[in-house]
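Structure first, commentary second.
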Amino acid sequence: MKRGVDIPALVGGLVTVGLGLLLLLDRVSVLHLGFGWLWPALLAAVGTFLIASGMSGSRRQ
Amino acid sequence: MTQPPLTRPSPPPPQPPRPKRLLRSRTDRLLGGVSGGLGSYFGVDPIIFRAIFVVLAFVGGVAFIAYPILWIFVPRDDGFGNPEPLPVWRLFGGGGGTPPTAGRVFAVLGIVLAALVAAAVLFVLSGWVTAVGGGVIVAGVVVVLGLLAIGGALSGRRAARWLVLPALVLALPSGIVAAAGVKFEGGYGERDYRPAGVAALPADGYKISAGSMWIDLRDLHLAPGTTTKLPVHVGVGEATVLVPENVCLQGRAKSGAGVVNVLGHQQNGFDLDYSVGGATSSSPRLQLDADVGMGAFEVVHNPDEARFGGPRQSFGPPGFHRDDGDRFPLTNRACSVGPTG
Numbered sequence: 001m002k003r004g005v006d007i008p009a010l011v012g013g014l015v016t017v018g019l020g021l022l023l024l025l026d027r028v029s030v031l032h033l034g035f036g037w038l039w040p041a042l043l044a045a046v047g048t049f050l051i052a053s054g055m056s057g058s059r060r061q
Numbered sequence: 062m063t064q065p066p067l068t069r070p071s072p073p074p075p076q077p078p079r080p081k082r083l084l085r086s087r088t089d090r091l092l093g094g095v096s097g098g099l100g101s102y103f104g105v106d107p108i109i110f111r112a113i114f115v116v117l118a119f120v121g122g123v124a125f126i127a128y129p130i131l132w133i134f135v136p137r138d139d140g141f142g143n144p145e146p147l148p149v150w151r152l153f154g155g156g157g158g159t160p161p162t163a164g165r166v167f168a169v170l171g172i173v174l175a176a177l178v179a180a181a182v183l184f185v186l187s188g189w190v191t192a193v194g195g196g197v198i199v200a201g202v203v204v205v206l207g208l209l210a211i212g213g214a215l216s217g218r219r220a221a222r223w224l225v226l227p228a229l230v231l232a233l234p235s236g237i238v239a240a241a242g243v244k245f246e247g248g249y250g251e252r253d254y255r256p257a258g259v260a261a262l263p264a265d266g267y268k269i270s271a272g273s274m275w276i277d278l279r280d281l282h283l284a285p286g287t288t289t290k291l292p293v294h295v296g297v298g299e300a301t302v303l304v305p306e307n308v309c310l311q312g313r314a315k316s317g318a319g320v321v322n323v324l325g326h327q328q329n330g331f332d333l334d335y336s337v338g339g340a341t342s343s344s345p346r347l348q349l350d351a352d353v354g355m356g357a358f359e360v361v362h363n364p365d366e367a368r369f370g371g372p373r374q375s376f377g378p379p380g381f382h383r384d385d386g387d388r389f390p391l392t393n394r395a396c397s398v399g400p401t402g
């Protein structure tokens, strides 16, 4: 049986790639990551993942 | 044969009302159903509790502690108003009314402990690798974990979402180190410098990766009208610079997170950048270029004015991080009034 796309894992993966790219751009001096960026970025990442998990869970039921 | 008289069966005695229980909602949920459950319990719209949690998230982050605790320890509604076994209980094998065995409890606790230790090691390692210049590697690993999670998600593997956890454990310290601008260069521990002249100043400045530095420049005897550069770098820790009162201090002091106190002008918090100077006199000038990742940096005239620790706390009154700076009104007078000595 073909398994469907796991939305939380997909969203989590996309968010993780985004965070990694943000770190990468800072390290190669394309942008400067300050605390003004970091906390919102991390909170948005965790929040997006949690909302995706929650919405996926409620849809299953 | 006579039939027994027909009697109407008496209605069953009314059930006593079930005591109201706080349960997480199965249906009205955005995350864990906590707000839905609270709304149902108190008979109000759950949006009120969602709004409260959002507000509490910004007021000291209380929601980040309260919500997960409620999520973990408030049982979920089984759909009929009864509580389901707590996930924590099920983790220990306590589902279906059977208590968990001691072996199972120890095994689960051991696994959890090992995972926490591994996460702590990963956390520290990621921060350290980033601070010594390997941030690109950490960022690359985070991206790869994200791509693996995407690949797993597209093939329907639910377990792929767990890859997000180590990625976050790696990204968080690396991000903090990057945001603070922490660079480990120049050794570790306590450093005490007292250069006797300009020739004794290191060409690339004073550097320390982690620890404390005390740089006493009161014996420099700078010539009037000259400018002497003073680069100072601290990865994590604190540095105190003592400058003579006849020297005009110029330049800037930056800190990713912590405290910057330059001659009594103090800044606290994140992304600090303090500029000083603007010389109009012929006083000797000291061009400061201080870069602190996380910690404290201060410039004072005398040891008694220093607020932070270091190798020579015996100079001042006992106490670490004294908060009596107002007793020492410092000035940068030499920038405007000319040489005084």
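Going down the list, the sequences are from chains A and B.
Okay, so the first sequence: first residue is 1 according to the numbering used here, each after it adds one.
Okay, so the second sequence: first residue is 62 according to the numbering used here, each after it adds one.
Glycine residues also receive a C-beta, built at the ideal position from the N, C-alpha and C atoms.
Small disclaimer: the values here were computed from a predicted structure and weren't measured.
At a cut-off of 7 Å between beta-carbon atoms, I211/B makes contact with chain A. What L99/B touches in chain A, judged by beta-carbon distance under 9 Å, is nothing: the nearest beta carbon there is about 16 Å away. Note: G247/B is not bridge-paired with any residue in the DSSP secondary-structure output.
At a cut-off of 7 Å, the C-beta of L324/B has no neighbouring C-beta in chain A. For L347/B, the secondary structure class from DSSP, reduced to helix, strand or coil, is strand.
Proximity of chain A to S344/B at the Cβ level (cut-off 8 Å) is not reached, the minimal Cβ distance being about 34 Å.
In the three-state DSSP reduction, D334/B falls in the strand class (E or B).
One finds L23 in chain A with Cβ atoms closer than 8 Å to the Cβ of S235/B, taken in chain order.
Contact annotation: L303/B and D277/B have beta-carbon atoms nearer than 7 Å.
Per DSSP, V169/B lies in no beta strand (DSSP E); the unbroken alpha helix (DSSP H) holding it starts and ends at A163 to V190. Relative to the Cα of L349/B, the nearest Cα in the group M355/B, L226/B and E359/B belongs to E359/B. Among the residues of chain B, those whose CB is under 7 Å from the CB of P8/A are R222, following chain order.
The Cβ-Cβ distance between G258/B and G317/B does not fall below 7 Å. Contact check between the segment 189-205 of chain B and the segment 11-27 of chain A: three or more CB pairs, one atom from each, fall below 8 Å, which counts as touching. Of the residues N322/B, S273/B and L347/B, the one whose Cα lies closest to the Cα of G298/B is S273/B.
Cβ neighbours of D89/B within its own chain (closer than 6 Å, five residues either side excluded): G97 and P107. Nearest neighbour of V230/B by Cα position, chosen from V203/B, D352/B, A210/B and R255/B, turns out to be V203/B. Here R346/B has T288, C309, Q311 and A340 as same chain residues with Cβ atoms under 6 Å from its own Cβ, once five neighbours each way along the sequence are excluded. DSSP places D89/B in the coil class of the three-state scheme, outside both helix and strand. Inclusion of F49/A and V11/A in the CB contact set at 7 Å is warranted, their separation being smaller than that value. When DSSP states are grouped into helix, strand and coil, P8/A belongs to the helix group. Taking a 10 Å sphere around the C-beta of I109/B, we find fewer than 16 other C-beta atoms and assign the residue as exposed. Taking the Cβ atoms as the reference, R137/B lies roughly 6 Å from R87/B, within the contact range of under 8 Å. By the criterion of at least three beta-carbon pairs nearer than 8 Å, the segment 37-44 of chain A is not in contact with the segment 248-256 of chain B. Around G13/A, the same chain offers no residue with a beta carbon nearer than 7 Å, after the five sequence neighbours per side are excluded. Counted as a single uninterrupted DSSP element, the alpha helix (DSSP H) harbouring L206/B occupies residues G196 to L215.
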